[in-house]
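A.B. asks:
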Amino acid sequence: MSTRAARAGRYATLSLVLVVMLGPIVWQFLTSLRGRTENVYDGVLPSRPTLDNYVRVAESFPMLQYTGNTLVVAALAVTSNLAFGSMAGYALSRTGWKGRRSVFTVLVATLMFPFESVMISMFLTVRGMGLVDTLVGVWLPGAVSVLNIMVMRAAFLAVPREIEEAALLDGAGEWTRFTRVFLPSAKGALAVVCITSFMGAWDDFLWPLLVLTDSEHYTLQLGLKTLAGATTVNDQRIIAAGAMAALIPMMLLFFALQRFFFKGVGEGAVKL
Amino acid sequence: MTAAPGPAAAGFHDRPPGPARWAPYLFLAPGLLLVLVFSIWPFLNTVILSFTDAQILRAGRFTGFANYRRAFADPDFWLATGNSVLYLLVVVPCLVLLPLALAVLVRTKIPGIGFFRSAFYTPVIASAVVVGLMWQWVLRSDGLVNTVLRALRVVSEPVPFLTDSTMLLVSAMVVTVWKGLGYYMVFYLAALGNVPVSLYEAAALDGAGAVRRFFSVTVPQVKPMMLLVGTLSAISALRVFTEIYILGGESGGPGGGARTLPFLIRQVGLGFSGETGYASAVSLLLFLLTLVFSLLGRRLSRGDES
Chain A
1 MSTRAARAGR
11 YATLSLVLVV
21 MLGPIVWQFL
31 TSLRGRTENV
41 YDGVLPSRPT
51 LDNYVRVAES
61 FPMLQYTGNT
71 LVVAALAVTS
81 NLAFGSMAGY
91 ALSRTGWKGR
101 RSVFTVLVAT
111 LMFPFESVMI
121 SMFLTVRGMG
131 LVDTLVGVWL
141 PGAVSVLNIM
151 VMRAAFLAVP
161 REIEEAALLD
171 GAGEWTRFTR
181 VFLPSAKGAL
191 AVVCITSFMG
201 AWDDFLWPLL
211 VLTDSEHYTL
221 QLGLKTLAGA
231 TTVNDQRIIA
241 AGAMAALIPM
251 MLLFFALQRF
261 FFKGVGEGAV
271 KL
Chain B
1 MTAAPGPAAA
11 GFHDRPPGPA
21 RWAPYLFLAP
31 GLLLVLVFSI
41 WPFLNTVILS
51 FTDAQILRAG
61 RFTGFANYRR
71 AFADPDFWLA
81 TGNSVLYLLV
91 VVPCLVLLPL
101 ALAVLVRTKI
111 PGIGFFRSAF
121 YTPVIASAVV
131 VGLMWQWVLR
141 SDGLVNTVLR
151 ALRVVSEPVP
161 FLTDSTMLLV
171 SAMVVTVWKG
181 LGYYMVFYLA
191 ALGNVPVSLY
201 EAAALDGAGA
211 VRRFFSVTVP
221 QVKPMMLLVG
231 TLSAISALRV
241 FTEIYILGGE
251 SGGPGGGART
261 LPFLIRQVGL
271 GFSGETGYAS
281 AVSLLLFLLT
291 LVFSLLGRRL
301 SRGDES
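Chains as they are written, first to last, in UniProt numbering: chain A, 1 to 272; chain B, 1 to 306.
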């Protein structure tokens with residue numbers, strides 16, 4: 001009996017927290033479904049839900065173009081992080097070469113300085129390369145993250161010896177061993193790198209804000225800022241639709257690949 | 001030649017000699033080059049620039065500690081530092097304790113718990129801009145909270161959550177905590193999974209109730225994780241920018257009163273009259289502040305081990 005009461009109490013607490021955690025998201029979602037003429041505070045649920053606002057936000061703002069720009073940066077970031085992150089992680093997971101320890105120390109040291117404390121110099125470097133106001137300039141500084149290198153290194157260190165020895169007997173060279181033995185054994189870590197670099201590119205705001213000036217090149221997050229600041233569109237329904245359109249793909253990705261998300265957080269924690 | 005693979009098959013050295021000796025460096029090259037150009041060089045350059053009067057459109061001359069002296073006499077610098085440190089002091093305790101409570105709450109195996117766990121993680125998925133827009137719509141003068149408060153006649157005038165510098169800072173803190181809860185909850189879930197069940201059984205045998213068990217078993221066992229979460233959340237609190245930018249606008253609240261250090265760095269360092277030298281000095285001071293808190297966290301966890 002008391003366990004039943006305890007369970008009811010637990011569900012009550014969970015539901016209360018749920019309201020706080022999802023409340024702002026649900027409220028934004030409901031607002032995005034309100035009709036043009038309906039007052040946003042007319043009851044909790046929209047009387048006649050409509051997708052009209054999603055059409056309007058795409059019509060009055062180049063949301064598709066912003067999304068396209070973001071996808072370009074994200075695709076580059078995912079590819080480069082997978083390739084360079086796993087290669088560097090592989091080298092660091094192997095022993096028997098000079099400078100291994102100092103490279104490792106230097107890489108870990110870079111985790112100490114926050115992006116915000118080097119962003120001005122980073123901007124000057126990118127400007128020196130003539131990459132200001134380009135998507136390449138948005139991508140390049142994040143082309144390989146040290147955290148991803150560390151995640152891959154940890155995954156390669158965990159590959160059982162026996163698998164590699166079998167490959168050695170077959171006379172496989174270094175590159176073959178890397179691509180045929182190690183990469184397939186680290187699929188989980190590759191998925192983590194894939195997801196974190198995609199999310200990083202999708203969500204980033206401050207760096208694109210520094211690099212991009214022409215609104216043609218804006219990423220989705222910068223586009224959302226314009227949307228919120230625009231005096232021409234003073235309609236919360238449209239802003240809400242824009243925000244939801246940026247959030248929903250991430251939520252779908254999250255629910256489809258949940259275990260990798262949680263794994264990524266765990267592995268990041270071990271590394272720091 | 002019959003080359004039998006040695007037992008130490010983890011090294012680069014046990015392959016046939018020749019050009020493959022370069023293998024580790026070739027594997028490392030692209031990644032290391034990027035880190036050198038976009039991480040290590042910018043850091044060194046920040047140090048160098050901080051001792052010059054460089055501006056965005058002209059190279060600087062060496063000016064010694066002038067930028068640092070200027071920072072210490074600059075009311076904007078102290079305002080931003082004060083805001084950043086205040087942010088940290090409020091947000092860190094919340095993000096150390098609340099996610100732990102949340103993790104304990106979602107650890108029980110009851111039907112539907114997976115849904116709650118995922119739902120609590122949802123704010124982590126949302127970008128800072130999206131989160132900012134959502135909370136703006138909740139906290140605006142015509143937003144949800146003010147509308148409800150006025151309907152209930154709790155207040156007659158809308159509460160200036162976003163238009164008063166102090167309240168804006170507090171609102172941004174709420175948003176940061178809200179977005180961080182699910183993230184650090186996962187850290188604690190991992191730590192709680194490593195607590196031996198026998199400890200709880202022993203405590204229960206001694207007649208300890210749920211609350212006693214939490215404080216005498218759970219808290220000591222997850223203490224190292226609390227220190228890690230404290231350090232990580234302190235560092236990210238010093239980096240806050242987007243929440244305030246979206247909630248309070250480009251100027252950082254009325255009169256720039258809610259500006260944090262990253263806000264100040266961007267404002268001072270960029271634009272047509274950007275003072276990259278001075279901004280670099282402020283950047284380096286932000287870095288030192290971050291360093292102090294990460295060393296503090298490390299010190300505390302060392303003391304804990306011994």
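Each residue gets a CB set at the ideal place from its N, CA and C atoms; glycine is no exception. Here the structure is a predicted model, which is why all the values come from computation and not from measurement.
Would you be able to state if there are at least three C-beta pairs under 8 Å between the segment 14–27 of chain A and the segment 119–137 of chain B?
C.D. replies: The segment 119–137 of chain B is in contact with the segment 14–27 of chain A.
A.B. asks: Using the Cβ count rule (16 or more neighbours within 10 Å means buried), how would you classify residue 135/B?
C.D. replies: In the second sequence, the residue the question calls residue 135/B occupies position 135. Classification for residue 135/B: buried.
A.B. asks: Please check the pair residue 240/A and residue 31/A, which I expect to be a contact at CB under 8 Å, by giving their CB distance rounded to whole angstroms.
C.D. replies: As a position in the first sequence, residue 240/A is number 240, starting the count at 1. As a position in the first sequence, residue 31/A is number 31, starting the count at 1. With 8 Å as the limit, residue 240/A and residue 31/A qualify as a contact, their Cβ atoms being about 4 Å apart.
A.B. asks: Could you give the DSSP three-state label for residue 95/A: helix, strand or coil?
C.D. replies: Residue mapping note: residue 95/A aligns to position 95 of the first sequence, counting from 1. Residue 95/A: strand per DSSP, three-state reduction.
A.B. asks: Does the Cβ of residue 270/A have 16 or more other Cβ atoms within 10 Å, making it buried, or fewer, making it exposed?
C.D. replies: For the purposes of this step, residue 270/A is identified with residue 270 of the first sequence, where counting begins at 1. In this prediction, residue 270/A scores a pLDDT of 44, lower than 50, which makes its location untrustworthy; the coordinate-derived value is nonetheless stated afterwards. The residue is exposed, with fewer than 16 neighbouring Cβ atoms inside 10 Å.
A.B. asks: Which two residues bound the contiguous alpha helix (DSSP H) that contains residue 318/B?
C.D. replies: Shown here, chain B extends from 1 to 306; a query on residue 318/B therefore has no answer.
A.B. asks: Could you check whether the Cβ of residue 193/A sits closer than 9 Å to any Cβ belonging to chain B?
C.D. replies: Taking the first residue of the first sequence as position 1, residue 193/A is located at position 193. Not an interface residue.
A.B. asks: Can at least three beta-carbon pairs, one atom from the segment 216–231 of chain A and one from the segment 65–80 of chain A, be found at a separation below 8 Å?
C.D. replies: Touching, yes.
A.B. asks: Which residues of chain A have a Cβ atom closer than 7 Å to the Cβ of residue 138/B, listed in chain order?
C.D. replies: As a first step, residue 138/B is located in the second sequence; it is residue number 138 there, counting from the start. Chain A residues near residue 138/B: 24, 27.
A.B. asks: Would you say residue 250/B lies against chain A (beta-carbon separation less than 9 Å)?
C.D. replies: Here residue 250/B corresponds to residue number 250 of the second sequence, with the count starting at 1. Yes - at least one Cβ of chain A is within 9 Å of the one on residue 250/B.
A.B. asks: Quick one: list the residues of chain B neighbouring residue 77/A, beta-carbon separation under 8 Å, in chain order.
C.D. replies: Position 77 of the first sequence, counted from the first residue, corresponds to residue 77/A. Correct list: empty, because the minimum Cβ distance to chain B is about 12 Å.
A.B. asks: What number of angstroms, rounded off, separates the C-alpha of residue 85/B from the C-alpha of residue 281/B?
C.D. replies: Position 85 of the second sequence, counted from the start, is the residue given in the question as residue 85/B. Position 281 of the second sequence, counted from the start, is the residue given in the question as residue 281/B. So the alpha carbons of these two residues sit roughly 18 Å apart.
A.B. asks: Which same chain residues, not among the five before or five after residue 143/B, have their C-beta less than 7 Å away from its C-beta?
C.D. replies: Taking the second sequence and counting its residues from 1, the one referred to as residue 143/B is at position 143. Within the same chain, residue 143/B has close Cβ partners 137.
A.B. asks: Please return the same chain residues whose Cβ sits closer than 6 Å to the Cβ of residue 213/A, not counting the five positions on each side in sequence.
C.D. replies: As a working note, residue 213/A is residue 213 in the first sequence. 133.
A.B. asks: So which residues on chain B does residue 160/A lean against when the C-beta distance must stay under 9 Å?
C.D. replies: Locating residue 160/A in the first sequence gives position 160, counting from the first residue. Residues of chain B passing the Cβ test: none, with the nearest at roughly 11 Å.
A.B. asks: Please classify residue 3/B as buried or exposed, where buried requires at least 16 other C-beta atoms within 10 Å of its C-beta.
C.D. replies: In the second sequence, counting from the first residue as 1, residue 3/B sits at position 3. The predicted model places residue 3/B with a pLDDT of 43, which falls under 50 and marks its position as unreliable; any figure quoted below should be read in that light. Flag for residue 3/B reads exposed.
A.B. asks: Strictly below 8 Å CB to CB, what residues from chain A border residue 118/B?
C.D. replies: Residue numbering aside, residue 118/B sits at position 118 when the second sequence is read from its first letter. Within chain A, the residues near residue 118/B are 254, 255, 258.
A.B. asks: Please decide whether residue 266/B counts as near chain A, where near means a Cβ-Cβ distance under 9 Å.
C.D. replies: Locating residue 266/B in the second sequence gives position 266, counting from the first residue. With 9 Å as the cut-off, residue 266/B counts as an interface residue toward chain A.
A.B. asks: Would you say the segment 72–79 of chain A touches the segment 135–143 of chain A, given that touching needs at least three Cβ pairs under 8 Å?
C.D. replies: Flag = yes, the segment 72–79 of chain A and the segment 135–143 of chain A touch.
A.B. asks: At 7 Å on the CB atoms, spell out the chain B contacts of residue 150/A, in chain order.
C.D. replies: Within the first sequence, residue 150/A is the residue found at index 150, counting from 1. Neighbours of residue 150/A on chain B: none; closest Cβ ~11 Å, over 7 Å.
A.B. asks: If the criterion is Cβ atoms closer than 9 Å, does the pair residue 129/B and residue 203/A meet it?
C.D. replies: Here the question's residue 129/B lines up with position 129 in the second sequence. Here the question's residue 203/A lines up with position 203 in the first sequence. Their beta carbons are under 9 Å apart, which means residue 129/B touches residue 203/A by this criterion.
A.B. asks: Using the beta-carbon count (16 or more within 10 Å), is residue 45/B buried or exposed?
C.D. replies: Here the question's residue 45/B lines up with position 45 in the second sequence. Per the 10 Å Cβ criterion, buried.
A.B. asks: Sort 55/A, 3/A, 150/A, 48/A by Cα distance to residue 242/A and report the nearest one.
C.D. replies: Here residue 242/A refers to the residue found at position 242 when the first sequence is read from its first residue. Comparing Cα-Cα distances from residue 242/A to each of 55/A, 3/A, 150/A, 48/A, the minimum goes to 55/A.
A.B. asks: Is the segment 102–121 of chain B in contact with the segment 186–200 of chain B, if contact means three or more CB pairs nearer than 8 Å?
C.D. replies: Contact holds: three or more Cβ-Cβ distances are below 8 Å.
A.B. asks: Listed in chain order, which residues of the segment 193–214 of chain A have Cβ atoms closer than 9 Å to some Cβ of chain B?
C.D. replies: Residues 199, 202, 203, 204, 205, 206, 209, 210.
A.B. asks: Taking DSSP's pairing of strands, which residues face residue 221/A in a bridge?
C.D. replies: Within the first sequence, residue 221/A is the residue found at index 221, counting from 1. According to DSSP, residue 221/A bridges with nothing at all.
A.B. asks: Helix, strand or coil for residue 56/A, going by three-state DSSP, please let me know.
C.D. replies: In the first sequence, counting from the first residue as 1, residue 56/A sits at position 56. It is helical.
A.B. asks: What residues from the segment 144–165 of chain B come within 7 Å of chain A, judged by C-beta to C-beta, listed N to C?
C.D. replies: Taking 7 Å as the Cβ-Cβ cut-off against chain A, the residues of the segment 144–165 of chain B that qualify are 144, 147.
A.B. asks: Three-state secondary structure (DSSP) at residue 4/B?
C.D. replies: As a working mapping, residue 4/B is identified with position 4 in the second sequence. Residue confidence is low: residue 4/B scores 43 on pLDDT, short of 50, so the model does not pin down where it sits. No coordinate-derived value is stated.
A.B. asks: 9 Å is my cut-off, CB to CB: does residue 127/B come that close to chain A?
C.D. replies: Your numbering for residue 127/B matches position 127 in the second sequence. By this cut-off, residue 127/B is an interface position.
A.B. asks: So, does the CB of residue 134/B fall closer than 9 Å to a CB anywhere in chain A?
C.D. replies: In the second sequence, counting from the first residue as 1, residue 134/B sits at position 134. Yes, residue 134/B counts as interfacial toward chain A.
A.B. asks: Just confirm the distance between the C-beta atoms of residue 200/B and residue 217/B, as a whole number of angstroms; I'd bet it's less than 8 Å.
C.D. replies: As a first step, residue 200/B must be located in the second sequence, where it is residue number 200. As a first step, residue 217/B must be located in the second sequence, where it is residue number 217. The pair is a contact, with the Cβ atoms about 6 Å apart (cut-off 8 Å).
A.B. asks: Checking the sheet assignment: what are the DSSP bridge partners for residue 52/B?
C.D. replies: Along the second sequence, one-based indexing puts residue 52/B at 52. Answer by DSSP bridge pairing, in chain order: 62/B.
A.B. asks: Could you check whether the Cβ of residue 94/A sits closer than 9 Å to any Cβ belonging to chain B?
C.D. replies: The residue labelled residue 94/A in the question sits at position 94 within the first sequence. Judged by the 9 Å Cβ criterion, residue 94/A is in contact with chain B.
A.B. asks: Buried or exposed: which applies to residue 310/B, given that a residue is buried once 16 or more other Cβ atoms fall within 10 Å of its Cβ?
C.D. replies: Since the first and last residues shown for chain B are 1 and 306, residue 310/B lies out of range.
A.B. asks: Excluding the 5 residues flanking residue 209/A on each side, which residues of the same chain have their C-beta closer than 7 Å to its C-beta?
C.D. replies: Looking up residue 209/A in the first sequence gives position 209. For residue 209/A, where only same-chain residues beyond five positions count, the Cβ hits under 7 Å are 222.
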